Amino acid sequence: MKRILLLAVVPFLLGCGLVFVNGPPSGWQEIQDVDALETRALTQPCTSSRTLVWVDAFMGVAWVANLFTYEQTPSSQYGYTLTDEIEVGLAKIGYGVMGLAAGIGAIVGLNKVNDCRAFTAHLLQERRGNEQAQASHEWLDELFPLRDLGVTAFDPVFGLPIKQGH
């Protein structure tokens, strides 16, 4: 019973990179407008975590390891029968196919994650470029103007007379 339950659950761990990992929106490389890129990033979020890719990679390695370590105990006292050999062959084919599916899921998921990270880096670079072009030190003075106290801070340091009543 446990073996059947395990076999029913394990296939759901395969293909996480294909099913659950979202890549960036298509055509993002051609978009020059930062606002349009931000809108796409908000409406179509992508996956930048490699956790599901590692799940696929681990499961692929586990299935391939089972492929090479699978052994069947003889069902009769005379050794392996034709039925045993067929069962071993089918099990090894199944392990190989599951390992291949997990490997493909890991590769596709890794490509999506890398594209998402490139998209995010491009978006941040575009944002920073616009902020640096528009930013200056004067915004602080506009928000918090300094009062004129009638003295400057460096007058005592340089020995200049302090002027009262500016």
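Numbered according to this note's numbering, the sequence shown spans residues 514 to 679. Just so you know, even glycine gets a beta-carbon here, dropped at the ideal spot from N, CA and C. Nothing here was measured: the structure is a model prediction, and the numbers come from that model.
Alpha carbon to alpha carbon, how far is residue i from residue j?
| i | j | result |
| --- | --- | --- |
| A549 | V626 | 21 Å |
| V568 | G530 | 9 Å |
| L623 | L580 | 24 Å |
| S562 | V621 | 14 Å |
| C559 | Q545 | 19 Å |
| E465 | V601 | This structure cannot speak to residue 465, because the chain is shown only from 514 to 679. |
| N535 | V577 | 26 Å |
| Q638 | L527 | 35 Å |
| L636 | P537 | 11 Å |
| L565 | A619 | 8 Å |
| A646 | E543 | Residue confidence is low: A646 scores 46 on pLDDT, short of 50, so the model does not pin down where it sits. Its coordinate-derived value is still stated next. A646 and E543: Cα-Cα distance of roughly 22 Å. |
| F533 | E598 | 37 Å |
| W541 | L595 | 57 Å |
| T556 | R640 | 17 Å |
| A554 | A570 | 27 Å |
What are the boundary residues of the alpha helix (DSSP H) that residue i is part of?
| i | result |
| --- | --- |
| G540 | Per DSSP, G540 belongs to no alpha helix (DSSP H) and is neither H nor E. |
| L531 | 529-532 |
Secondary structure, beta strand (DSSP E): runs of 3+ residues fully inside the stretch 556-583: none
For the 8 Å Cβ check, are there 3 or more pairs between the stretch 598-607 and the stretch 629-637? no
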